[in-house]
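The sequence shown lines up with residues -26 to -1, 1 to 284 when you count with mature numbering (1 follows the signal peptide of the UniProt record, and there is no 0).
Beta carbons are placed, not taken as given, at the ideal position from N, Cα and C, and that holds for glycine.
The structure appears right after this line, and notes come after that.
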Amino acid sequence: MTPPAPTPFSRHIAVLILLCMGCAFAGNHIAARVAFDDGAGVLLAILLRSGGTLLVLAVLVLWQRQSLRLPPGAWRWQGLLGVLIATQSLCLYSAVARVPVALALLLGNVFPILLALLTWACGGPRPTARTALLMGLILVGLVFVLDVPGRLSSSTELGPQWLLGVSLAFCAACAFACALWITDHKLSQVRGSVRSLLTIFIVFSSVNLAGLTGALPGGLNPPATSTGWLALATLVVLYGTGFIVLFISVPRLDMPRNAPVMNIEPLATLLMGWIVLDQMLSAGQLAGGVIVVTGIVLLTYRKAPRPAPR
């Protein structure tokens, strides 16, 4: 007998949960930058983050007595999904270590554009005129976020860290868009808790392998002071809490209607970056950030279908 679908939360409760989770993920990236500034390696941060989340997910899956058996042909897609999420984590944290956190998050959040284009390229529906217009709006916003006019008019050259950070943030968005496409088109029949557990396990294993082989020199460096260790602990708690709460609550959050609320993350990151890290974007970059976030919200927003007349 098929179990009844869980009762959705009321709209204000669902929005409150998503706002809190968006702020938790933003805080995770701020804590990561504090740890990196204290000498912590990127691989160490990802290792601790994924390890803590893996432990909690494993307990939940065992408690619910769920099978880890996947449908035929799903294992290769599950493996690729794990590698993509590991790549996204590595690229985004590496970007956070090099450029202002809000800038990295804004670039990383252009994945809806890339997902729409990827879906179209793989035989899906062509983006509508509204979608194309919003994509163009987001790109215009990014021109100001990256301060392209100011940098072109300046006589100073772009620093290698800035260019690398921007490139890594964009690579993170590409990897996440591909991961979402695989989840939706190749692994939709796999139970969410099992898919999440296997994905985090692959991330954890990949980071361990990268650390043991020395693929990223200094990636496992510990922080120099207790401040860095506290930041790493905060990172693990915030990311793990956000990931687990979302995993448990998704069936009750009415995500097609409420998902745009999660775009509070880059705005919360901007505020936290100013308070904690004294990172502030220029007026033009702030205006561009507002344009980007507005475009992403409109791009991901879908009106809830009206009930059929009786």
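Closest to serine 167 by C-alpha separation, out of Leu272, Arg43, Ala(-13), would be which residue?
Out of Leu272, Arg43, Ala(-13), the CA that lies nearest to the CA of serine 167 is found in Arg43.
Please check the pair threonine 243 and histidine 3, which I expect to be a contact at CB under 8 Å, by giving their CB distance rounded to whole angstroms.
Contact flag correct, Cβ pair sits at about 6 Å.
In three-state terms, what does DSSP make of valine 164?
The three-state secondary structure of valine 164, taken from DSSP, is coil.
Using the Cα positions of histidine -15 and serine 180, report the straight-line distance between them to the nearest angstrom.
Approximately 39 Å between the Cα atoms of the pair.
Taking Cβ to Cβ, would you say cysteine 145 is nearer than 7 Å to leucine 58?
Not in contact: cysteine 145 and leucine 58 (Cβ atoms no closer than 7 Å).
Would you mind reading off the limits of the alpha helix (DSSP H) that contains cysteine 152?
DSSP places cysteine 152 inside the alpha helix (DSSP H), whose first and last residues are 134 to 159.
Taking C-alpha atoms, which residue in Met109, Pro45, Val16, Leu34 lies nearest to glutamine 163?
Selected option, being the one with the closest Cα: Pro45.
When the distance is taken between beta carbons, is alanine 147 closer than 7 Å to valine 84?
With a cutoff of 7 Å on beta-carbon distance, valine 84 and alanine 147 are scored as near each other.
Quick check on DSSP: helix, strand or coil for glycine 98?
In this structure, glycine 98 counts as coil in the three-state DSSP scheme.
What residue range is occupied by the uninterrupted alpha helix (DSSP H) comprising methionine 254?
For methionine 254, no alpha helix (DSSP H) segment is defined, and its DSSP state is neither H nor E.
Residues near alanine 60 by beta carbon distance below 7 Å, same chain, minus five either side
Hits under 7 Å: Ile176, Val177, Ser180, Val181.
Cut-off 6 Å between Cβ atoms - residues of its own chain near leucine 108, not counting five sequence neighbours on either side:
Its chain contains Gly269, Leu272, Leu273 as the residues whose beta carbon lies nearer than 6 Å to that of leucine 108, once the 5 sequence neighbours on both sides are disregarded; these appear in chain order.
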